[in-house]
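Below: one structure, written as structure tokens.
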Amino acid sequence: MAKQEQAKLMKKEQLKSDIYKFSVQAPEIVKEAKPGNFIEIRVSDQTEPFLRRPISIYNLEKENGILEFIFQVKGKGTEILSKKKENDLIDIIGPLGYGTFKYDQYRNLGIIGGGIGVFPLYELAKCAKKDNKNVNTYLGFRNKDYVVLEDEFQSVSNYLTITTDDGSYAKQGFAINFLEKDIEEGKIDAIYACGPLPMLKAVQKLAIEKNIPCQISLEEKMGCGLGVCLGCAVKTAKSSKDAPEYWHVCKAGPVFQAKDVEI
Amino acid sequence: MNTKVNLAGIEMKNPVTVASGTFGYGREYSDFFDLSKLGGIITKGTSLKPRSGNKPSRICETASGMLNSIGLQNPGVEYFAENDLPFLRKFDTAVIVNACGSSIDEYVELCKILNTLDIDGVELNLSCPNVKAGCMAFGNTYEGVKQVTSEVRKVLDKPLIVKLTPNVTDIASIAKAVEDAGADGVSLINTLLGMKIDIDKRKPFLANNTGGLSGPAIKPVAVRMVYQVAQAVNIPILGMGGIVNGEDAIEFMLAGANAISIGAGNFIDPYTSINTIKGIEDYMKKHNIDDINSIVGTVQMN
Numbered sequence: 001m002a003k004q005e006q007a008k009l010m011k012k013e014q015l016k017s018d019i020y021k022f023s024v025q026a027p028e029i030v031k032e033a034k035p036g037n038f039i040e041i042r043v044s045d046q047t048e049p050f051l052r053r054p055i056s057i058y059n060l061e062k063e064n065g066i067l068e069f070i071f072q073v074k075g076k077g078t079e080i081l082s083k084k085k086e087n088d089l090i091d092i093i094g095p096l097g098y099g100t101f102k103y104d105q106y107r108n109l110g111i112i113g114g115g116i117g118v119f120p121l122y123e124l125a126k127c128a129k130k131d132n133k134n135v136n137t138y139l140g141f142r143n144k145d146y147v148v149l150e151d152e153f154q155s156v157s158n159y160l161t162i163t164t165d166d167g168s169y170a171k172q173g174f175a176i177n178f179l180e181k182d183i184e185e186g187k188i189d190a191i192y193a194c195g196p197l198p199m200l201k202a203v204q205k206l207a208i209e210k211n212i213p214c215q216i217s218l219e220e221k222m223g224c225g226l227g228v229c230l231g232c233a234v235k236t237a238k239s240s241k242d243a244p245e246y247w248h249v250c251k252a253g254p255v256f257q258a259k260d261v262e263i
Numbered sequence: 264m265n266t267k268v269n270l271a272g273i274e275m276k277n278p279v280t281v282a283s284g285t286f287g288y289g290r291e292y293s294d295f296f297d298l299s300k301l302g303g304i305i306t307k308g309t310s311l312k313p314r315s316g317n318k319p320s321r322i323c324e325t326a327s328g329m330l331n332s333i334g335l336q337n338p339g340v341e342y343f344a345e346n347d348l349p350f351l352r353k354f355d356t357a358v359i360v361n362a363c364g365s366s367i368d369e370y371v372e373l374c375k376i377l378n379t380l381d382i383d384g385v386e387l388n389l390s391c392p393n394v395k396a397g398c399m400a401f402g403n404t405y406e407g408v409k410q411v412t413s414e415v416r417k418v419l420d421k422p423l424i425v426k427l428t429p430n431v432t433d434i435a436s437i438a439k440a441v442e443d444a445g446a447d448g449v450s451l452i453n454t455l456l457g458m459k460i461d462i463d464k465r466k467p468f469l470a471n472n473t474g475g476l477s478g479p480a481i482k483p484v485a486v487r488m489v490y491q492v493a494q495a496v497n498i499p500i501l502g503m504g505g506i507v508n509g510e511d512a513i514e515f516m517l518a519g520a521n522a523i524s525i526g527a528g529n530f531i532d533p534y535t536s537i538n539t540i541k542g543i544e545d546y547m548k549k550h551n552i553d554d555i556n557s558i559v560g561t562v563q564m565n
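Chains R and L are the protein sequences, given in the same order. Numbering of the first sequence is given in this note's numbering, commencing with residue 1 and proceeding in unit increments. Numbering of the second sequence is given in this note's numbering, commencing with residue 264 and proceeding in unit increments.
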């Protein structure tokens with residue numbers, strides 16, 4: 001059940017010139033949040049900018065009510081958010097989304113992320129590892145300047161593969177190439193993905209070809225984040241040209257079975 | 264202190280309702296507060312058959328507002344009657360169904376069904392700017408509005424409110440058509456047709472190119488139109504367009520609205536409607552107003 005909290009900013013870290021990590025005290029939201037959920041933040045108490053910003057959850061500390069999220073400054077809203085100071089209160093609604101990451105029935109997980117899409121995968125990897133799953137993580141970045149959270153993901157993965165498109169750091173190539181190799185060697189039972197659309201499309205195609213269950217986390221422009229405005233539509237795989245069918249990222253998602261959606 | 268109002272024959276404990284398309288069928292917001300606190304709930308636009316809605320992107324943010332082009336995605340009246348109405352009826356609040364269609368026959372068939380349901384009234388949607396057939400196509404002429412409203416009136420015994428589009432030259436004449444056709448009230452304004460362009464891609468942000476503008480950006484237009492309509496008709500007015508607090512609501516009531524709706528304001532804070540009720544009460548206390556109805560249409564023009 002979604003809650004609204006005025007969450008105190010406990011710790012603010014700048015990970016890159018335009019990427020920030022916020023740790024906030026949000027016990028009510030943390031209590032019910034699951035890997036894959038997101039939150040909606042009102043960055044100003046004025047009506048400009050107007051809408052809340054949907055942001056994925058990076059880490060949940062269930063024991064002390066701390067929620068961490070990481071965001072890139074992309075426009076007016078995230079710019080204002082990035083200026084918040086420690087001890088400021090932030091208006092947050094969450095946890096949002098009924099579609100969350102599920103891994104109970106699998107043993108060997110392949111978690112793949114690209115760029116700023118890696119953030120919501122941390123909580124998944126952390127929980128899965130704690131539940132004794134074999135966590136294989138593949139993170140792709142453009143070049144060495146974009147690599148983030150390597151140590152953090154190392155600590156929640158059994159095997160971590162970092163790639164850069166240009167080979168300027170770690171392995172050269174796309175993360176999906178390394179995932180595919182491990183799938184062919186029979187090391188992966190289920191895939192979890194979040195990242196840029198081309199990557200998600202490639203992962204979706206791979207999963208369907210190899211007949212491996214795959215969950216992907218999507219994003220779309222949102223109005224309410226609660227499932228009432230029906231703005232963040234995603235086409236279902238059952239759609240035909242004459243009879244499109246839409247679900248909504250904020251409610252049915254943000255995590256979907258890859259075979260169920262047309263992206 | 265009396266905050267009770269009667270909107271077109273619908274008794275409400277206060278003048279605050281939530282606007283169609285911004286509150287779904289109530290479930291999501293019931294996580295946050297007791298829906299019985301609201302004067303009324305106007306449901307998501309509901310049609311005779313399910314509608315899948317428009318292609319994404321359907322939403323984009325604008326200065327103090329937003330554009331939407333949802334395209335009336337809804338599960339249809341049958342699904343609503345079985346699944347959503349029983350839920351809404353658990354709360355002590357007026358339930359008004361926003362009814363949309365693509366043809367006069369469809370509006371009539373839909374309203375025949377609505378007439379048999381346990382609802383408090385119908386808001387006839389003649390104003391959605393985002394669908395090809397029906398809605399605004401009827402809503403932008405005196406004759407169109409009068410014809411649809413008259414046909415619906417023949418089959419609907421429940422209170423009938425007609426929602427007007429602001430995308431017309433003379434909204435007062437459209438409101439007059441509603442009154443002449445025998446409806447019980449008018450609601451206004453629906454969204455203003457707008458467009459936003461992605462200057463890097465040189466393409467509109469919305470897949471449908473244009474969409475309906477809502478939010479505080481449109482409030483002055485809405486207040487002006489409510490005033491004009493109040494001068495033209497004697498039936499009650501449900502006013503809306505950018506209301507986010509009690510002061511905004513009072514402005515609409517002074518202009519002539521008997522009740523108001525919170526629309527896009529629900530998105531920025533789930534408690535906007537509840538805070539608006541409190542804001543109205545605060546205004547009444549501050550100005551020693553015993554009955555909220557006493558301020559309706561009392562703006563003193565210069």
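Every residue, glycine too, gets a C-beta built ideally from N, C-alpha and C.
Query, Result
"Would you kindly work out how many angstroms separate the C-alpha atoms of R:E66 and L:Y370, rounded to a whole number?", "Residue identity differs from the one stated: residue 66 of chain R is Ile in this sequence, not Glu. Rounded to whole angstroms, R:I66 to L:Y370 spans 51 angstroms at the Cα level."
"Going by the DSSP bridge assignment, what does R:Q172 pair with across the sheet?", "R:T164"
"Among R:E48, R:F71, R:G36, R:A7, which has the Cα closest to the Cα of R:E28?", "R:A7"
"Below 8 angstroms on the Cβ atoms is my contact criterion, and I expect L:P422 with L:I452 to pass it. Report the Cβ-Cβ distance as a whole number of Å.", "Actually they do not touch by this definition, with Cβ atoms about 20 angstroms apart."
"Three or more C-beta pairs closer than 8 angstroms, one from the segment 511-528 of chain L and one from the segment 340-352 of chain L: is that the case here?", "no"
"Which two residues bound the contiguous beta strand (DSSP E) that contains L:I543?", "Looking at the DSSP string, L:I543 is not in any beta strand (DSSP E); the run it does join, the alpha helix (DSSP H), is 535-549."
"Going by C-alpha to C-alpha distance, which of R:T47, R:Y98, R:N37, R:K76 sits closest to R:E68?", "R:N37"
"Check each residue of the segment 323-338 of chain L: if its Cβ is closer than 8 angstroms to any Cβ of chain R, include it; give the result in chain order.", "C323, E324, T325, A326, S327, G328, M329, N331, I333, Q336"
"Quick one, are the C-beta atoms of R:A252 and R:G99 less than 9 angstroms apart?", "yes"
"If L:G272 sits next to L:D511, beta carbons under 8 angstroms apart, how far is it from one beta carbon to the other, in whole angstroms?", "26 angstroms between Cβ atoms; not a contact."
"Note down, in chain order, each residue of its chain lying with its Cβ closer than 7 angstroms to the Cβ of L:P479, except the 5 sequence neighbours on either side.", "S327, G328, G505, V507"
"So, R:G110 versus R:I41, is the Cβ gap smaller than 9 angstroms?", "no"
"Please list, in chain order, the chain R residues whose beta carbon lies closer than 7 angstroms to that of L:F295.", "Q4"
"Out of R:L230, R:K144, R:S17, R:N132, which has the shortest C-alpha to C-alpha gap to R:Q72?", "R:S17"
"For L:E442 and L:V360, which I take to be in contact (beta-carbon distance under 8 angstroms), what is that distance rounded to the nearest angstrom?", "The pair is not a contact, with the Cβ atoms about 21 angstroms apart (cut-off 8 angstroms)."
"Consult DSSP for R:S267 and reduce its assignment to one of helix, strand or coil.", "Because chain R here runs from 1 to 263, residue 267 of chain R falls outside it and cannot be looked at."
"Less than 9 angstroms separating the beta-carbons of R:C194 and R:L226?", "no"
"Taking contact to mean at least 3 C-beta pairs separated by less than 8 angstroms, is the segment 270-286 of chain L in contact with the segment 531-540 of chain L?", "yes"
"Examine the ligand MG and report whether any of its heavy atoms sits within less than 8 angstroms of the Cβ of R:K144.", "Among the components of this structure there are no ligands whatsoever, and the ligand MG is therefore not found."
"Just the C-alpha distance for L:L592 and L:V411, rounded to the nearest angstrom, thanks.", "The shown model of chain L, from 264 to 565, leaves out residue 592 of chain L, and the question about it has no answer."
"In chain order, what residues of the same chain lie with their CB nearer than 8 angstroms to the CB of L:A470, ignoring the 5 residues before and after it?", "N317, K318, P319, S320, R321, S332"
"In this structure, does DSSP put L:N337 in helix, strand or coil?", "strand"
"Buried or exposed for L:F350, going by 16 or more other Cβ atoms inside 10 Å?", "exposed"
"Examine chain R for any beta-carbon lying closer than 9 angstroms to the beta-carbon of L:Y370, and answer yes or no.", "no"
"For the segment 340-369 of chain L, list every residue whose C-beta sits within 8 angstroms of some C-beta in chain R, in sequence order.", "none"
"Determine the direct distance from the alpha carbon of L:F296 to that of L:P533, and round the result to whole angstroms.", "9 angstroms"
"How far does the alpha helix (DSSP H) with L:V408 in it reach, from first residue to last?", "405-418"
"Under a CB-based cut-off of 9 angstroms, is L:I531 close to chain R?", "yes"
"Within 10 angstroms of its Cβ, does R:I19 collect 16 or more other Cβ (buried), or is it exposed?", "buried"
"At 3 residues or longer, and completely inside the segment 279-338 of chain L: list those beta strand (DSSP E) runs for me, N to C.", "279-281, 303-305, 322-325, 328-331"
"Can you give me the start and stop residues for the beta strand (DSSP E) that R:K8 sits inside?", "3-16"
"Would you kindly work out how many angstroms separate the C-alpha atoms of R:D166 and R:Q172, rounded to a whole number?", "6 angstroms"
"For chain L, find out if any of its Cβ atoms is closer than 9 angstroms to the Cβ of R:T47; answer yes or no.", "yes"
"Determine the direct distance from the alpha carbon of R:A33 to that of L:A444, and round the result to whole angstroms.", "52 angstroms"
"Would you mind giving the Cβ-Cβ distance between L:G474 and L:M503, rounded to the nearest angstrom? I have them listed as a contact below 8 angstroms.", "Not quite, the Cβ-Cβ distance comes to about 17 angstroms (not below 8 angstroms), so this is no contact."
"Spell out whether any CB of chain L is found under 9 angstroms from the CB atom of R:Y20.", "no"
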